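Before any comments, here is the structure.
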Amino acid sequence: MLDTFEILTTSGVVLWSKSYSAISPAIINSLITNVFIEERTLPGAGIADDISAANNPPYKYDQHTLKWTTVKELGLIFVAVYRSLLHLSWIDKLVDNIKTIFVDLYGDQLKKPHTTIVECHFDEYFDQQVRELEKTALNQDTRVAEASALEEAPISVSANLRDEPPPLPGILSRGQSKNTFKDLTSNESTPIATPDTSRPSTPASHILTGKGGPGGKGSRRARKAANTPSAYASSGEESQRKGRPKSSGPKKGRKWDAEGMADEDSDTPLDYSTPADGVNLGDDEGKGRPGNVEGVDHATWGSKTGKGQFVLKDLDDQVNSILATAGAKKESSTASTGIVGSSINAIGGLFRNVVGGKTLTKEDLDKAMKGMEDHLLRKNVAREAAIRLCEGVERELIGVKTGNFESVQARIQTAMEASLQKILTPTSSLDLLREIDAVTSPSALSLKKKRPYVISIVGVNGVGKSTNLSKICFFLLQNKYKVLVVACDTFRSGAVEQLAVHVRNLKELSAREGGEVELYQKGYGKDAANVAKDSVSFAAQEGFDVVLIDTAGRRHNDQRLMSSLDKFAKFANPDKILMVGEALVGTDSVAQARNFNTAFGAGRSLDGFIISKCDTVGDMVGTLVSMVHATNVPVLFVGVGQHYSDLRNLSVKWAVQKLLSSNQ
Amino acid sequence: MSTIAEWAHALMSPSPVALIVGILLVLSIPLFLHSFVFRASGLTTLPSILLIGPSGSGKTSLLTLFERGTSAAQTHTSQAPISAECHLPVGTLASSDRYRSVNDPTNLRHKKFLLVDTPGHGKLRHHALASITNPQNLKGIIFVVDAATLSAGDEGLRHTADYLHDILLVLQKRTESKNKAVKALKEIPILIAANKGDLFTALPASLVKSSLEMEISKVRSSRSKGLLDSGIGMEDEGDRDEWLGEVGSTEFRFKQMEEFDVVVEVSGGNVAGG
Ligand SMILES: Nc1nc2c(ncn2[C@@H]2O[C@H](COP(=O)(O)OP(=O)(O)OP(=O)(O)O)[C@@H](O)[C@H]2O)c(=O)[nH]1
Ligand SMILES: [Mg+2]
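Sequences listed follow chains A and B, in order. Residue numbering for the first sequence follows my numbering, beginning at 1 and increasing consecutively. Residue numbering for the second sequence follows my numbering, beginning at 1 and increasing consecutively.
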């Protein structure tokens with residue numbers, strides 16, 4: 001069963017929620033940070049609008065699965081949380097339907113400025129949907145598994161069921177049926193007769209509204225069937241409205257006005273109609289429907305609703321008509337508006353193109369986005385990253401109105417700027433010195449032991465690992481740290497000597513500054529992981545502040561060498577694993593970053609990039625974006641020259657400006 | 001010759017499309033001029049108070065508490081700023097009312113103000129910065145911190161101090177800003193709201209103050225020792241003169257901000273729970 005359903009705004013306020021079993025707020029928070037803010041699943045996904053929950057990738061967190069959808073215009077997020085063990089085939093439909101109903105009922109309130117309050121009495125609508133969708137799911141399930149469990153069924157149930165096969169009571173878990181029962185009894189506390197006659201509810205029908213439960217698990221047909229009800233529900237509803245125009249007319253009028261809402265809420269859900277009436281009602285409804293298979297199906301289902309008797313017919317009708325109009329709207333919007341209309345639209349569009357105030361459509365954006373994509377490619381952004389960035393921006397912009405005197409082009413430019421800025425900005429500030437201090441001289445109160453801070457540098461061959469390690473070392477020496485440089489490239493001949501030269505230079509340079517640096521090396525052929533481990537304990541004994549470990553360069557597609565990184569990370573247990581990437585690299589950057597990021601085993605990833613040789617590429621700093629984009633790992637430093645002092649913090653503003661500048 | 005005649009002909013009998021466009025243009029120009037000119041002059045907005053702080057500190061909760069009066073709404077991580085219209089309780093005197101007579105009937109009315117919430121996530125702090133660098137009738141800032149994560153050596157303390165340091169630095173440098181509205185910000189009171197006082201691990205306000213001051217001293221010195229920015233050559237970023245508070249002081253104190261007309265006050269409390 002569902003754990004929790006929440007409707008919240010992008011500003012973080014929960015507008016409505018229903019909880020069947022309490023879940024930690026961290027679950028939904030992690031959905032928001034990972035999917036919407038940091039866009040770890042796919043960029044732009046969080047802002048994509050009008051995508052059904054089925055098309056959004058389910059988010060899994062700590063034994064829970066989250067299904068979600070958004071309404072960009074109103075800044076709404078709809079989330080359903082349930083245990084990953086369960087297979088709830090109807091959950092997508094539920095999320096979508098709830099979205100439609102909620103927006104229809106409270107859309108106006110949501111547009112009010114300067115308030116976070118939305119008066120909503122949504123419980124009944126939600127319960128109605130859950131009941132209905134569960135029932136359809138159950139129907140499918142029973143038909144699949146009709147052979148079994150007949151003898152277990154209570155007599156009253158089979159009696160009520162007429163020609164429908166009974167549900168599988170064995171499936172219902174105790175907790176679940178208790179849940180329903182609670183809902184029902186709370187409803188019964190406000191019994192008010194409806195226009196239809198009332199009749200007592202039987203315990204059997206309580207069970208009837210029970211859950212599909214795990215019975216649906218693994219059944220292809222059930223899953224498929226649960227995905228189809230959109231078609232048959234709406235067609236059914238339409239015919240129903242046609243069949244009974246008198247009864248639905250006035251009701252429809254009532255439901256649209258805001259005042260009426262309160263009234264309806266007070267005469268809550270009890271349809272106490274007599275069994276006979278229920279059957280009649282069902283039959284009537286059945287007659288109104290087309291005689292195809294789905295129609296028949298729907299008729300029996302309708303009669304059961306008649307006996308289900310917890311649902312006020314009004315509410316059912318209202319919800320169904322909301323869903324039906326929404327469906328119809330979607331269809332009509334795709335239909336063309338005729339020649340006159342379209343030519344006027346075209347003129348208006350051209351006009352608005354100049355003065356702004358135009359609502360952007362995919363067609364408007366397509367050409368301009370292509371231009372933006374080419375621009376990014378020229379800046380050396382990898383194709384994959386460029387495409388996904390543009391897709392993200394496009395999804396964000398569709399349906400957005402341009403501002404006064406703002407052209408489409410300008411709007412895209414600003415959106416891309418914001419998007420790049422968001423990608424490149426790190427989640428938390430990257431203050432290396434302070435992190436080192438926290439480890440090497442922990443506060444007396446925090447009960448942590450003093451230990452050296454370990455940084456290791458990885459990357460493919462020839463990107464400048466040793467050079468950048470020396471630059472970092474120089475920076476640390478300037479700040480008077482005691483640094484141990486470890487040569488873990490036990491593979492390529494000459495690597496250790498090269499590092500030794502760097503260390504000698506650094507010693508000379510730092511002699512008057514007050515820093516201290518030593519080289520730790522064990523020659524060639526040793527296992528790098530062991531050397532690293534030994535060096536860290538050596539550094540701890542000798543009172544070094546920072547350990548800088550240089551590793552062998554390796555191709556990111558060299559399976560054997562890459563797999564040794566896993567052991568290396570476990571043995572050396574570095575505080576920071578930094579990857580050096582070349583600004584020149586181009587398309588390969590995505591694969592490089594991704595493979596290195598996953599090479600350290602579960603639970604460990606890269607902590608930052610150093611992008612080297614930025615001085616040689618001018619404005620074409622696309623590698624920055626490609627690498628961050630592929631991994632969500634921030635850029636810590638950029639290398640801008642040949643000297644030890646040519647290391648810089650990344651200024652996001654600087655990078656974005658270079659990426660968007662068009663002086664070529 | 002014939003081309004001229006054609007031209008004249010075309011000019012005299014415009015296509016209906018051109019006609020419509022022309023008429024629309026003529027009619028709309030005054031409208032646009034109007035909106036353009038008057039937008040710049042700025043409507044008088046309500047006085048606003050800004051909520052800033054790291055993620056999860058309770059900003060949105062506080063906002064909903066102020067708005068609803070009785071209890072806060074359930075909240076999750078914010079992605080977008082939001083403002084809510086709130087009232088001071090009847091009888092509260094705003095400092096702008098200092099010179100009103102006690103019997104002034106307006107004193108008996110609710111004083112309205114806008115409370116503006118901003119997302120605290122690292123990637124979304126530009127919203128908060130924009131509200132300071134482009135202020136709309138800004139009267140004060142509430143910096144909300146989670147007092148339960150501020151014990152020494154805690155990640156939370158580091159991140160909170162980082163953020164607070166950056167905000168204070170922006171305020172300190174506001175006189176250098178090109179934006180007139182920023183320069184016009186005279187006094188800015190900052191309330192550091194030590195939230196979640198109901199939790200067992202929460203520090204009292206006095207400790208919150210001292211540990212933040214200590215941590216900001218560290219931020220300040222490590223920033224001054226850090227590497228240069230890659231954007232060092234850019235025009236409006238040149239100066240490295242980014243020392244928060246009194247130059248030459250070893251320890252940062254919130255009092256040092258008073259020199260820049262920024263008054264910092266710390267007080268404890270809790271939005272939810274008990
Ligand atoms: N115990 C306790 N919890 C609180 C208090 N105030 C807020 N919380 C909880 O802290 C959590 C985060 O609160 P939010 O208001 O969403 O945090 P925020 O500052 O808006 O965070 P962002 O929107 O991510 O910047 C929520 O689960 C609140 O219920 C408090 O006084 N005591
Ligand atoms: Mg918030």
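Even for Gly, the Cβ is constructed at its ideal location relative to N, Cα and C. Computed from a prediction, not measured in an experiment: that's the story for all the values here.
Proximity test, Cβ basis, 9 angstroms: residue i and chain A
i, result
"A202/B", "no"
"E258/B", "no"
"V182/B", "no"
"S230/B", "yes"
"E237/B", "Unreliable positioning characterises E237/B in this predicted model, as indicated by a pLDDT of 48, which lies under 50. The coordinate reading is nonetheless provided below. Yes, E237/B counts as interfacial toward chain A."
"E242/B", "no"
"L199/B", "no"
"A272/B", "no"
"Q74/B", "yes"
"F143/B", "no"
"E85/B", "yes"
"D162/B", "yes"
"F252/B", "no"
"A152/B", "yes"
Below-9 angstroms beta-carbon distance, residue i vs any chain B residue
i, result
"C614/A", "yes"
"A444/A", "yes"
"D62/A", "no"
"W68/A", "no"
"P58/A", "no"
"V638/A", "yes"
"P113/A", "yes"
"P452/A", "no"
"N479/A", "yes"
"L389/A", "no"
"Q409/A", "no"
"F5/A", "no"
"Q642/A", "no"
"L365/A", "no"
Proximal residues of chain A, C-beta to C-beta of residue i below 9 angstroms
i, result
"G53/B", "Within 9 angstroms Cβ-Cβ: nothing; G53/B doesn't reach chain A, min ~13 angstroms."
Within chain A, partners of residue i - CB distance below 8 angstroms
i, result
"V219/B", "D431 and R434"
"T70/B", "Simply none; closest approach about 12 angstroms."
"S222/B", "D431, L433, R434 and D437"
"T64/B", "V13 and T116"
Amino acids of chain A, ordered along the chain, whose beta-carbon sits closer than 7 angstroms to that of residue i
i, result
"I82/B", "S11 and T116"
"T77/B", "G12, N29, I32 and T33"
Residues sharing a beta bridge with residue i, DSSP
i, result
"A193/B", "V144/B and S267/B"
"I82/B", "D117/B"
"C473/A", "C473/A is not bridged to any residue."
"H87/B", "K112/B"
"V458/A", "M579/A"
"S612/A", "E582/A"
"F5/A", "K18/A and A80/A"
Partners in chain B for residue i, counting only beta-carbon separations shorter than 8 angstroms
i, result
"R648/A", "L227, L228, D229, S230 and I232"
Per-residue contacts from residue i into chain B (C-beta, under 7 angstroms)
i, result
"N320/A", "Within chain B, no residue comes near N320/A; the closest Cβ sits about 30 angstroms away, beyond 7 angstroms."
"K576/A", "Neighbours of K576/A on chain B: none; closest Cβ ~15 angstroms, over 7 angstroms."
"K449/A", "Near K449/A there are no residues of chain B at all, since even the closest Cβ is about 12 angstroms away, more than 7 angstroms."
"F475/A", "L227"
"G75/A", "A80"
Cβ of residue i within 9 angstroms of any chain E Cβ
i, result
"P426/A", "The structure shown contains no chain E; the protein chains it does contain are A and B."
Contacts of residue i in chain B (Cβ-Cβ under 9 angstroms)
i, result
"E38/A", "H121 and K123"
"G618/A", "The contacting residues do not exist; G618/A stays about 13 angstroms from chain B at best."
Query raised in the report: Which residue spans inside the region 46 to 133 of chain A form an unbroken beta strand (DSSP E) run of at least 3?
Result: Within the region 46 to 133 of chain A, the complete beta strand (DSSP E) runs of at least 3 residues fall at 59 to 61, 64 to 71 and 76 to 83.
Query raised in the report: Which parts of the region 155 to 218 of chain B are runs of the beta strand (DSSP E), unbroken and 3 residues or longer, counting only runs that do not cross its ends?
Result: Scanning the region 155 to 218 of chain B from its first residue to its last, the whole beta strand (DSSP E) runs of 3-plus residues come out as 188 to 195.
Requested in this report: Could you pull out every unbroken beta strand (DSSP E) segment of at least 3 residues lying fully inside the region 532 to 594 of chain A, listed in chain order?
Outcome: List check, beta strand (DSSP E) in window: 546 to 551 and 576 to 582.
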